[in-house]
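Counting with mature numbering (1 follows the signal peptide of the UniProt record, and there is no 0), you get residues -21 to -1, 1 to 194 for the letters of the sequence shown.
Since the structure comes first, as structure tokens, the remarks are kept for the end.
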Amino acid sequence: MKAPFALLGSILALAPSLIAAQDRSVKDVVAAFEKAGIPEDLAIKFQPSSLLEVSFPQAAGRAITLKAGVQLPRNVTAGPPTYRLLTNKLIDRGPFVIASVDPDAPTPQDPTVAQIRHGLAGNFYLSNFGSSRGGLKNKTSAITEWLQPNPPSYSDAHRYIFLIYRQPEGFNEQKLVTPETTVRLFNISSFASAVGLGDPIAGTFMVVAPDPPAA
Ligand SMILES: *[C@@H]1O[C@H](CO)[C@@H](O)[C@H](O)[C@H]1NC(C)=O
Ligand SMILES: *[C@@H]1O[C@H](CO)[C@@H](O)[C@H](O)[C@H]1NC(C)=O
Ligand SMILES: *[C@@H]1O[C@H](CO)[C@@H](O)[C@H](O)[C@H]1NC(C)=O
């Protein structure tokens, strides 16, 4: 009777993380990206092979995990977010680069300072390679630390898009974007092609509106 109990134990151990998984199908994520006009606005080819799980830790209670296109109140997005890669394909352990951008600054109607780079970091490795659900751990500090969304009070909600790429050799030596580089007027597609990132292998996004006026 030992084996079935051991199996049950491992299913239960898995359950909390399964509940947290929000994006379940690559097809649905692609549809959400297209509906929101993201591939066009970012000038990216979005044909992902995997799911990128992005979670925001909370001071009280469990972390909030994105479902592509979810609208979140600004106060749950302090981060920094944590990441996992969900894949059916045998994928290398890493390294990977994760980028986050806001194409809607200061407003979606007139994005004159977009994209704002809300995060850029390399050297993420799958922590449990071989599992279909690998945690991604960074081995170096970020180039651009996570920047919490802060759309201006007069703006509609902004889109915040997370993309993961395979990290090419020599990425750590690139000088195009450093911690000193302004986060404004970033262009993820031209950056990706300049440093050889190729196309994103997965991604997701959220929508965040300005804080409601103080009562
Ligand atoms: C976050 O802000 C929303 C309104 O946007 C409010 O309803 C909620 O209580 C706030 N949560 C926390 C934890 O402050
Ligand atoms: C990984 O990234 C986090 C958030 O940017 C940072 O606090 C941490 O120091 C990084 N880890 C390493 C090993 O640099
Ligand atoms: C970003 O660069 C791409 C070329 O890689 C270009 O097609 C696109 O128009 C640029 N986007 C912005 C907002 O400047």
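Ideal Cβ positions, reconstructed from N, Cα and C, are used throughout, including at glycine.
Small disclaimer: the values here were computed from a predicted structure and weren't measured.
Query raised in the report: What are the boundary residues of the beta strand (DSSP E) that I143 is part of?
Result: Within the sequence shown, residue 143 is the residue found at index 164, counting from 1. 137 to 145 is the extent of the beta strand (DSSP E) around I143.
Query raised in the report: For S132, does the three-state DSSP call read helix, strand or coil?
Result: As a position in the sequence shown, residue 132 is number 153, starting the count at 1. The three-state secondary structure of S132, taken from DSSP, is coil.
Report task. Taking 9 Å as the cut-off, decide whether the C-beta atoms of G182 and V8 are in contact. Result -> Here residue 182 is taken as the residue at index 203 of the sequence shown, counted from 1. Here residue 8 is taken as the residue at index 29 of the sequence shown, counted from 1. Yes; because the gap between Cβ atoms is below 9 Å, this pair is in contact.
Query raised in the report: Out of A173, V5, T66, F184, which has the shortest C-alpha to C-alpha gap to G114?
Result: Position 135 of the sequence shown holds residue 114. The shortest Cα separation from G114 among A173, V5, T66, F184 belongs to T66.
**Report entry** Assigned secondary structure, A171 (DSSP; H/G/I helix, E/B strand, else coil)
**Finding:** Within the sequence shown, numbered from 1, the residue matching residue 171 stands at position 192. Note: A171 maps to helix in three-state DSSP.
Query raised in the report: Which residue's Cα is closest to the Cα of N129: D89, H97, F25, V156?
Result: Counting from 1 along the sequence shown, the entry for residue 129 is found at position 150. The candidate whose alpha carbon is nearest that of N129 is H97.
Query raised in the report: For the segment 82 to 92 against the segment 57 to 65, are there 3 or more C-beta pairs whose distance is under 8 Å?
Result: In short, these stretches do not touch, since the Cβ pair count stays below three.
Query raised in the report: Which one or two residues does DSSP pair with T123 in a beta bridge?
Result: Residue mapping note: residue 123 aligns to position 144 of the sequence shown, counting from 1. Bridge partners of T123: L99.
Query raised in the report: With burial defined as no fewer than 16 other Cβ atoms inside 10 Å of the residue's Cβ, what is the status of R3: buried or exposed?
Result: Position 24 of the sequence shown, counting from 1, holds the residue named residue 3. So R3 counts as exposed.
**Report entry** Helix, strand or coil at K116 according to DSSP, with G and I counted as helix
**Finding:** As a first step, residue 116 is located in the sequence shown; it is residue number 137 there, counting from the start. Of the three classes helix, strand and coil, the one that applies to K116 here is strand, per DSSP.
Query raised in the report: Say the cut is 8 Å; is the CB of A93 nearer than that to a heavy atom of ligand 3?
Result: Residue numbering aside, residue 93 sits at position 114 when the sequence shown is read from its first letter. Answer for A93: yes, Cβ within range of ligand 3.
Query raised in the report: Any residues whose CB sits closer than 6 Å to a heavy atom of ligand 5? List them in chain order?
Result: What this structure holds is ligand 1, ligand 2 and ligand 3, not ligand 5.
Query raised in the report: To the nearest angstrom, how far is it from the Cα of Y62 to the Cα of T123?
Result: Stepping through the sequence shown from its first residue, residue 62 is reached at position 83. Stepping through the sequence shown from its first residue, residue 123 is reached at position 144. For Y62 and T123, the distance between alpha carbons rounds to 16 Å.
Report task. Could you round the C-beta distance between S168 and I23 to whole angstroms and report it? I think they count as a contact, below 8 Å. Result -> Position 189 of the sequence shown, counted from the first residue, corresponds to residue 168. Position 44 of the sequence shown, counted from the first residue, corresponds to residue 23. S168 to I23, Cβ: 5 Å. Contact.
Requested in this report: For S79, verify whether its CB is less than 8 Å away from any heavy atom of ligand 2.
Outcome: Residue 79 sits at position 100 when you count from the first residue of the sequence shown. No heavy atom of ligand 2 is found nearer than 8 Å to the CB of S79.
Query raised in the report: Where D81 and N166 are concerned, what is the direct C-alpha to C-alpha distance, given to the nearest angstrom?
Result: Taking the sequence shown and counting its residues from 1, the one referred to as residue 81 is at position 102. Taking the sequence shown and counting its residues from 1, the one referred to as residue 166 is at position 187. Going by the C-alpha atoms only, they are around 10 Å apart.
Query raised in the report: So does N151 have its beta carbon nearer than 8 Å to some heavy atom of ligand 2?
Result: What you label residue 151 is simply residue 172 of the sequence shown in a count that begins at 1. No, Cβ of N151 sits at least 8 Å from all heavy atoms of ligand 2.
Query raised in the report: Which residues count as close to ligand 2 when the rule is a CB under 7 Å from any of its heavy atoms, in chain order?
Result: Residues with a Cβ closer than 7 Å to any heavy atom of ligand 2, in chain order: P59, A100, N117, K118, T119, S120, A121, E124, W125.
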